[in-house]
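Numbering (my numbering), first residue to last: 1 to 94.
A short write-up of the structure that comes next.
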């Protein structure tokens, strides 16, 4: 008897389920826009400068490695161009 009830509930849940459309919800648009604007504007510049300062401090400590140059450059490129790429990819996927 319990199996019949479970089967009936499953059938009803599939039968009466409404369609879900990706991209139709705008709940997080305000937060996404503010965060994206921050990272593409002054926030990205601040992150890049802090990363570059960290690389310079590491160079001044006497331990030279390519990571001390490559990481700040990568952070700057990521902050400058990565955000629009990720945003457009998510928008295209949704």
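Note that CB positions come from ideal geometry on N, CA and C, so glycine has one too.
Rounded to the nearest whole angstrom, the C-alpha separation of residue 77 and residue 28 is 26 Å. Contact between residue 47 and residue 86 is absent: CB atoms are separated by about 15 Å, not below the 8 Å threshold. Taken through DSSP and simplified to helix, strand or coil, residue 55 comes out as helix.
Residue 18 and residue 42 have their C-alpha atoms some 43 Å from each other.
The residue from 54, 44 and 52 with its alpha-carbon nearest to that of residue 83 is 44. In the DSSP assignment, residue 29 falls within the alpha helix (DSSP H) that extends over 29 to 40.
The alpha-carbon separation between residue 13 and residue 1 amounts to approximately 19 Å.
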